[in-house]
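Going down the list, the protein sequences come from chains A and B.
The numbers in the first sequence follow this note's numbering, run straight up by one, and end at 346.
The numbers in the second sequence follow this note's numbering, run straight up by one, and end at 630.
Glycine included, every Cβ here is placed at the ideal spot set by N, Cα and C.
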Amino acid sequence: MSIQAEISATTGGFSLQAAFDAPTGSCTAVVGPNGAGKTTLVHALAGLVPIQQGRIVLAGQVVDDSAQGIHVPPDRRPIALHSQHNLLFPHLSVVDNVAFGPQCSGMSTHDARHRAHEWLDRVGLAHLAGLRPGQLSGGQAQRVGLARAAACQPEVLLLDESLASLDAETRTDVRHLLADIEATRVLITHDPVETRVLADQLLVMEEGQIVQSGTPEEVAADPRTPWTAGLLDVNLLTGRAVGTRVALDCGLTLTTATPMSGPVLVTFSPAAIALSATRPHTSARNTWEAEVARIQPESDRARVLLGAPAPCHVWVTPQAVGELGLGAGTRCWAALKATELTVREA
Amino acid sequence: MTDRSTSKEPNRRPPIPVLAMAVIAVAVLALPLVGLLQRTPWSSLGTTLGETATLEALRVSVVVSLLAAAVSVMLGLPLAWVLARLSFRGRALVRAIVLLPMVLPPVVGGIALFFALGRRGLIGRVLHNGLGVDTLIGTTAGAVIAAVFVSMPFFVITAEAGLRQLDPRLESAASTLGAGRWTVLRRITLPLLAPSLAAGATLSWARALGEFGATITFAGNHPGRTRTLPLAIAQANEAGRPEAAIAMSVLLIGVSLVVLIGLRHRWIAPRSPRPERSSETSPS
Numbered sequence: 001m002s003i004q005a006e007i008s009a010t011t012g013g014f015s016l017q018a019a020f021d022a023p024t025g026s027c028t029a030v031v032g033p034n035g036a037g038k039t040t041l042v043h044a045l046a047g048l049v050p051i052q053q054g055r056i057v058l059a060g061q062v063v064d065d066s067a068q069g070i071h072v073p074p075d076r077r078p079i080a081l082h083s084q085h086n087l088l089f090p091h092l093s094v095v096d097n098v099a100f101g102p103q104c105s106g107m108s109t110h111d112a113r114h115r116a117h118e119w120l121d122r123v124g125l126a127h128l129a130g131l132r133p134g135q136l137s138g139g140q141a142q143r144v145g146l147a148r149a150a151a152c153q154p155e156v157l158l159l160d161e162s163l164a165s166l167d168a169e170t171r172t173d174v175r176h177l178l179a180d181i182e183a184t185r186v187l188i189t190h191d192p193v194e195t196r197v198l199a200d201q202l203l204v205m206e207e208g209q210i211v212q213s214g215t216p217e218e219v220a221a222d223p224r225t226p227w228t229a230g231l232l233d234v235n236l237l238t239g240r241a242v243g244t245r246v247a248l249d250c251g252l253t254l255t256t257a258t259p260m261s262g263p264v265l266v267t268f269s270p271a272a273i274a275l276s277a278t279r280p281h282t283s284a285r286n287t288w289e290a291e292v293a294r295i296q297p298e299s300d301r302a303r304v305l306l307g308a309p310a311p312c313h314v315w316v317t318p319q320a321v322g323e324l325g326l327g328a329g330t331r332c333w334a335a336l337k338a339t340e341l342t343v344r345e346a
Numbered sequence: 347m348t349d350r351s352t353s354k355e356p357n358r359r360p361p362i363p364v365l366a367m368a369v370i371a372v373a374v375l376a377l378p379l380v381g382l383l384q385r386t387p388w389s390s391l392g393t394t395l396g397e398t399a400t401l402e403a404l405r406v407s408v409v410v411s412l413l414a415a416a417v418s419v420m421l422g423l424p425l426a427w428v429l430a431r432l433s434f435r436g437r438a439l440v441r442a443i444v445l446l447p448m449v450l451p452p453v454v455g456g457i458a459l460f461f462a463l464g465r466r467g468l469i470g471r472v473l474h475n476g477l478g479v480d481t482l483i484g485t486t487a488g489a490v491i492a493a494v495f496v497s498m499p500f501f502v503i504t505a506e507a508g509l510r511q512l513d514p515r516l517e518s519a520a521s522t523l524g525a526g527r528w529t530v531l532r533r534i535t536l537p538l539l540a541p542s543l544a545a546g547a548t549l550s551w552a553r554a555l556g557e558f559g560a561t562i563t564f565a566g567n568h569p570g571r572t573r574t575l576p577l578a579i580a581q582a583n584e585a586g587r588p589e590a591a592i593a594m595s596v597l598l599i600g601v602s603l604v605v606l607i608g609l610r611h612r613w614i615a616p617r618s619p620r621p622e623r624s625s626e627t628s629p630s
């Protein structure tokens, strides 16, 4: 385990109670509404927020232990933090901002700048190395901030909405970068796709508590709170596109409205699918026969989880469940309009 | 569009009354200097300034003002940090005490220093009996103390303002990248504060250079030890040697102007230590 945390902290009237573990090299996504305590949790791991009770072990090092009175300051923890505010040092050039962490770990200025250039290159900003932070756009500053944290090559990389202000294209690149980083990562995010693609583990926080945790698939299949359902209510399938045809990894082929090529992520809302008992004759480009894996009643609707060939969630009215005679193990037809699909580069 | 462009360049012609008042303000400040320069015996200026007594006063002034500025920075920076970063009971009182010398007549400061640090004073007795210091009165050290008393507040308020402008999250960010306290201070805090520190040090040095009342009251007027240029100027004027007084005044004005003009950018418009744009997006 790279992270073992049991945290009880109170700052400014806000109280945080959280416990979780994360294996070495894993990625933990932290989601939750505004004010849920996500940043406080990450700051407690970083040592910026003192904990009143509990124990935090990072990469085998006890960094907090209230019982023994241990509180290791941030600079002596095996971490690096990237905050959504970036907080680039305005008096240092972009390359010196990124070289700052390596220099703090004892690297010579020359070697640290060399490493900084490598990381700037990885976030696609090597050409801006000589600028001052004040000359960067918001998205550029965010990538520099991310490179600055990653260049520390910490055991645990803490990312507070590191992709928030990036445009779609750079977002994909940076997501790949984050997926490749070896460090154990803790990532605060609001993006369901990021969560699904990057996270091995998902922590849902509300009002200072972890209300649900598990793999993103587990949480999405059984969201315990309306907020979680709202965030994760998106179907995500992976495949390879040739023009407007996407051969899904699960075997099914979908028709989309956007021509693409190469590996893609296909997302659509659970409301986009219509179910019927027999093969439908509609304008929908995509129809397939599916097996119902499970039916979960919610307050004013039912969530039908389809199994093979393409696992996804569908919302239907409780009446429809009865009329179609749906139940676990039964079969039905699914119809999905091409225009309901969002396709993006994987 | 038109609205925006006109609001950026307001009326082409500035209002006449404002200009008139501004001209009068400059005149009030500059005319006495013009009067002085007009009476300056330029031909004999070199000779007067070359006199041993003048050079001695200049030396004392330079030594005392620089030492006072150095002491103000060394003691004033920690004080500014405490005032800017810690909240404690009585902070308003401490700040008032720190600023008091700026509004007190310097002669009051001199008298206060005399009764505190004189041989029979509260602290003077301790210094005399405990540390074997004979007396500060009449010594260059005494003149430095008098100058520090009047000039340190200028450094403290400038440095405190600079510290308040500095985003403490930058220091936290540095620590999460592995920087210890000393590295944070050396590579983040001090460089970001540099414009404020330079401005504060210049202001307090300038105040120390012009110091008269507290010095003459506390440290006395001893050639070569406490007689700074201002004291020498007053002495010459009273002794019926106005040419010498004028010559030394011109020297003092010249030195001050050179320094103030040299540091004008930092002094009048310190570069903002926080030019970073706040990132535009979503709260957590």
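| Check | Outcome |
| --- | --- |
| I want to verify the contact list: residues of chain B whose CB lies under 7 Å from the CB of residue 129 (chain A), in sequence order. | Correct list: empty, because the minimum Cβ distance to chain B is about 18 Å. |
| Quick check on residue 289 (chain A): buried or exposed, where buried means 16 or more other Cβ atoms within 10 Å of its Cβ? | exposed |
| Mind checking residue 162 (chain A): buried by the 16 CB within 10 Å criterion, or exposed? | buried |
| Hey, is the segment 155 to 174 of chain A in contact with the segment 74 to 89 of chain A, meaning 3+ C-beta pairs nearer than 8 Å? | yes |
| By the 10 Å Cβ neighbour count, where 16 or more other Cβ atoms means buried, how is residue 286 (chain A) classified, buried or exposed? | buried |
| Using a Cβ-Cβ cutoff of 8 Å, what residues of the segment 504 to 517 of chain B are near chain A? List them in chain order. | 513, 515 and 516 |
| Is the Cβ-Cβ distance between residue 271 (chain A) and residue 315 (chain A) less than 9 Å? | yes |
| Specify, as a first and last residue, the run of the alpha helix (DSSP H) that residue 51 (chain A) falls within. | Segment: none, residue 51 (chain A) is in no alpha helix (DSSP H) and carries neither H nor E. |
| Is it right to say residue 599 (chain B) is buried, meaning 16 or more other beta carbons lie within 10 angstroms of its own, or is it exposed? | exposed |
| Can you check which of these residues, B:552, B:583, B:442 and B:572, is closest to residue 607 (chain B) by C-alpha distance? | B:552 |
| Rounded to the nearest angstrom, what separates residue 440 (chain B) and residue 24 (chain A) at their Cα positions? | 52 Å |
| From the beta carbon of residue 533 (chain B), is the nearest beta carbon of chain A less than 9 Å away? | yes |
| Regarding residue 586 (chain B) and the ligand ZN, is the C-beta to nearest heavy atom distance less than 8 Å? | Looking for the ligand ZN in the displayed structure turns up nothing, as the structure carries no ligands at all. |
| How big is the Cα-Cα spacing for residue 190 (chain A) and residue 359 (chain B)? | 53 Å |
| By the 7 Å beta-carbon criterion, what residues does the segment 82 to 98 of chain A contribute toward chain B? | 83, 84, 85, 86, 87, 88, 89, 90 and 91 |
| With residue 19 (chain A) and residue 9 (chain A) assumed to form a contact (beta carbons below 8 Å), what rounded beta-carbon distance in angstroms separates them? | Not confirmed; about 12 Å, so no contact. |
| Would residue 465 (chain B) and residue 481 (chain B) qualify as a contact pair, given that the criterion is a beta-carbon distance under 9 Å? | yes |
| For residue 177 (chain A), which residues of its own chain have a beta-carbon under 7 Å away from its beta-carbon, when the five flanking residues on both sides are left out? | 122 and 123 |
| What residue range does the alpha helix (DSSP H) around residue 169 (chain A) cover? | 168 to 180 |
| Could you tell me if residue 104 (chain A) is buried or exposed, where buried requires 16 or more neighbouring beta carbons within 10 angstroms of its beta carbon? | buried |
| If you run the structure through DSSP and keep just helix, strand and coil, what is residue 93 (chain A)? | coil |
| According to the neighbour-count rule (16 or more other Cβ atoms, all chains shown, within 10 Å of its Cβ), is residue 449 (chain B) buried or exposed? | exposed |
| Mind reading off the beta-carbon distance from residue 634 (chain B) to residue 456 (chain B)? Whole number of angstroms is fine, and I expect it under 8 Å. | There is no way to answer for residue 634 (chain B), as the model of chain B reaches only from 347 to 630. |
| How about residue 116 (chain A): is its C-beta nearer than 9 Å to some C-beta of chain B? | no |
| Can you pull the DSSP bridge partners for residue 235 (chain A)? | A:268 |
| Relative to the C-alpha of residue 39 (chain A), which residue among A:300, A:205 and A:305 is closest? | A:205 |
| Would residue 136 (chain A) and residue 88 (chain A) be called neighbours here (beta carbons separated by less than 9 Å)? | yes |
| Nearest-angstrom Cα distance between residue 44 (chain A) and residue 35 (chain A)? | 15 Å |
| What does DSSP give as the partner residue(s) for residue 214 (chain A) in the beta ladder? | A:202 |
| To the nearest angstrom, how far is it from the Cα of residue 438 (chain B) to the Cα of residue 454 (chain B)? | 22 Å |
| Do you know offhand how far residue 59 (chain A)'s Cα is from residue 37 (chain A)'s? | 23 Å |
| Quick one: give me the first and last residue of the alpha helix (DSSP H) that residue 517 (chain B) is part of. | 514 to 522 |
| So, helix, strand or coil for residue 565 (chain B), using DSSP? | helix |
| Name, going along the chain, the residues of the segment 379 to 391 of chain B whose beta-carbon falls closer than 8 Å to a beta-carbon of chain A. | none |
| Check whether the Cβ atoms of residue 100 (chain A) and residue 540 (chain B) sit closer than 9 Å, and answer yes or no. | no |
| At which residues does the beta strand (DSSP E) containing residue 65 (chain A) begin and terminate? | 61 to 65 |
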